[in-house]
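A.B. asks: Chains as they are written, first to last, in my numbering: chain A, 297 to 408; chain B, 16 to 294. Pasting in a structure now, in structure tokens, and then I'll have a few things to ask.
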Amino acid sequence: METDRRSQWLRGVLDLCVLALLDEQESYGYQLAQALDMAGIGPIQGGTLYPVLLRLQRTGLIVADWRAGDAGPARKYYRLTETGRQALRHGGHDWQTFSTRVTTLIGKGDDR
Amino acid sequence: MNGAQWLDAFAAELGRRGVDPETARHVVAEAATHLRESGEHPTQVFGNPSGYASAVADSLGPPPPPPPGPARRPGPVRLHATGISKRYGRRTVLHSADLTVRAGQIAAIVGANGCGKSTFLRICAGLITPDSGQVQVVGSLGYCPQQGGTADFLLADEHFTLFGAGQGISRRQALTDGRSAVRVLGWDAPSDTLARHLSGGTRQKLNLALTTMTQPDVLLLDEPYQGFDRGTYINFWDQLWQLRDAGRAVVVVTHLLTQLDRVDVVLDLTPAATTRGGR
Numbered sequence: 297m298e299t300d301r302r303s304q305w306l307r308g309v310l311d312l313c314v315l316a317l318l319d320e321q322e323s324y325g326y327q328l329a330q331a332l333d334m335a336g337i338g339p340i341q342g343g344t345l346y347p348v349l350l351r352l353q354r355t356g357l358i359v360a361d362w363r364a365g366d367a368g369p370a371r372k373y374y375r376l377t378e379t380g381r382q383a384l385r386h387g388g389h390d391w392q393t394f395s396t397r398v399t400t401l402i403g404k405g406d407d408r
Numbered sequence: 016m017n018g019a020q021w022l023d024a025f026a027a028e029l030g031r032r033g034v035d036p037e038t039a040r041h042v043v044a045e046a047a048t049h050l051r052e053s054g055e056h057p058t059q060v061f062g063n064p065s066g067y068a069s070a071v072a073d074s075l076g077p078p079p080p081p082p083p084g085p086a087r088r089p090g091p092v093r094l095h096a097t098g099i100s101k102r103y104g105r106r107t108v109l110h111s112a113d114l115t116v117r118a119g120q121i122a123a124i125v126g127a128n129g130c131g132k133s134t135f136l137r138i139c140a141g142l143i144t145p146d147s148g149q150v151q152v153v154g155s156l157g158y159c160p161q162q163g164g165t166a167d168f169l170l171a172d173e174h175f176t177l178f179g180a181g182q183g184i185s186r187r188q189a190l191t192d193g194r195s196a197v198r199v200l201g202w203d204a205p206s207d208t209l210a211r212h213l214s215g216g217t218r219q220k221l222n223l224a225l226t227t228m229t230q231p232d233v234l235l236l237d238e239p240y241q242g243f244d245r246g247t248y249i250n251f252w253d254q255l256w257q258l259r260d261a262g263r264a265v266v267v268v269t270h271l272l273t274q275l276d277r278v279d280v281v282l283d284l285t286p287a288a289t290t291r292g293g294r
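Here it is in structure tokens:
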């Protein structure tokens with residue numbers, strides 16, 4: 297139940313989390329997965345993450361290009377577009393409003 | 016299933032869902048990179064190949080075309096060959112062979128070496144006259160020979176414009192069509208290499224693209240994949256299924272039987288037991 301609920305929450309905000317990470321710096325799939333894990337949101341498996349990246353790419357919120365690493369293999373780097381930055385601002389704002397209300401509502405229970 | 020097998024299976028599943036080969040190649044390469052960096056097992060990271068391929072296809076947008084199989088309704092007859100016989104001297108190469116292929120079907124011609132597969136195809140193409148029998152073709156025809164379809168001293172682009180001109184296609188259009196036809200096979204035709212300096216496999220890509228670039232109604236392909244590496248071979252079959260789904264009639268000579276469960280018609284020219292069957 298707990299993991300079920302978590303994954304449902306994630307489904308609503310994973311794209312925003314990815315946009316937020318890419319707003320800090322451009323990145324590639326594996327690094328994003330690690331960053332999400334470190335942020336305490338993960339672990340996000342590749343099977344979940346890459347479809348999100350593909351959708352964001354298709355809708356023009358991020359762009360990607362392949363680049364050879366210094367030592368490692370070639371990686372597909374993603375970065376935010378201007379549209380993506382706007383989507384992050386709007387989506388982030390909506391989420392904060394919503395989550396604050398939820399927190400307030402749930403917090404009322406503690407006061408009783 | 017090891018990592019390489021998983022990736023192969025995944026690539027094939029993407030093709031089956033109509034993901035365009037260029038995009039599929041990127042997705043597969045990205046998955047391979049992830050696996051290399053994480054050191055994890057593909058099933059753990061992505062689940063099974065078909066499930067992940069579905070998720071990817073969904074994310075990519077337009078709903079996937081209906082799955083290939085007997086549920087599809089083939090169109091009108093495009094190629095009808097009946098009672099084809101051919102002798103060379105005293106040797107009977109073909110004895111009353113029949114083949115009917117409709118729009119939206121792939122036919123495989125199989126059989127041992129020397130059983131007349133190429134001869135049959137050349138008769139269908141109108142390059143050889145049979146001793147008896149008839150061939151009817153409805154629509155435009157493209158024929159890809161096993162070898163020798165390219166000219167040593169021409170560039171890839173020159174091939175495209177030359178073959179395009181033969182079909183009355185403008186130079187600009189021919190370049191666009193030709194380049195995209197080879198790109199499907201994983202090759203960005205460079206503008207400065209003569210065909211004779213290309214590797215055997217790459218020359219075959221050019222050879223095949225000269226047939227597919229004009230999108231004829233009937234494609235006759237004589238083992239056009241010799242020298243292809245594994246990935247290109249998968250791309251090749253992916254392309255055949257796309258052509259089929261686009262309503263083309265495809266006839267392909269093959270001695271590799273692994274694909275036979277996914278074609279619509281099989282013509283077995285093995286002399287001992289000449290069998291035919293539709294699926």
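By construction, the Cβ of each residue, glycine as well, lies at the ideal position given by its N, Cα and C atoms. What you are looking at is a predicted structure, and each value in this text was computed from that prediction instead of being measured.
With 8 Å as the threshold, decide whether the Cβ of B:Val125 is near any Cβ in chain A.
C.D. replies: no
A.B. asks: What do you get for B:Lys132, buried or exposed, if any count of 16 or more other CB atoms within 10 angstroms of its CB means buried?
C.D. replies: buried
A.B. asks: If you draw a straight line from the C-alpha of B:Ala210 to the C-alpha of B:Leu169, how long is it?
C.D. replies: If I take the Cα positions, the gap works out to 6 Å.
A.B. asks: Could you give the distance in angstroms between the alpha-carbon of B:Gln219 and the alpha-carbon of B:Gly242?
C.D. replies: 7 Å
A.B. asks: Note down the Cα distance separating B:Gly98 from B:Leu109, rounded to an integer number of angstroms.
C.D. replies: 9 Å
A.B. asks: Quick check on B:Glu238: buried or exposed, where buried means 16 or more other Cβ atoms within 10 Å of its Cβ?
C.D. replies: buried
A.B. asks: So B:Tyr240 is in the beta strand (DSSP E); what residue range does that whole segment cover?
C.D. replies: Note, B:Tyr240: premise wrong, no beta strand (DSSP E); not H, not E.
A.B. asks: By Cβ distance below 6 Å, which residues in the same chain neighbour B:Asp253 in space, the five residues on each side in sequence not counted?
C.D. replies: Gly30, Pro36
A.B. asks: Between the beta-carbon of A:Ser323 and the beta-carbon of A:Tyr374, is there less than 8 Å?
C.D. replies: yes
A.B. asks: Please determine if the region 248–266 of chain B and the region 226–236 of chain B are in contact, where contact requires at least 3 C-beta pairs separated by less than 8 Å.
C.D. replies: yes
A.B. asks: Beta-carbon of A:Tyr373 versus every beta-carbon of chain B: anything under 8 Å?
C.D. replies: no
A.B. asks: With a 10 Å radius around its C-beta and 16 neighbouring C-beta atoms as the bar for buried, classify B:Leu258 as buried or exposed.
C.D. replies: buried
A.B. asks: My output table needs one value for B:Leu284: the three-state DSSP class, helix, strand or coil.
C.D. replies: In the structure shown, B:Leu284 sits in coil (DSSP, three-state: anything other than H, G, I, E or B).
A.B. asks: Output yes if chain B places a C-beta closer than 8 Å to the C-beta of A:Leu350; else output no.
C.D. replies: yes
A.B. asks: Tell me whether A:Ala360 sits in a helix, a strand or coil according to DSSP, three-state version.
C.D. replies: strand
A.B. asks: Hey, is B:His56's beta-carbon within less than 8 Å of any beta-carbon in chain A?
C.D. replies: Output row for B:His56: interface = no.
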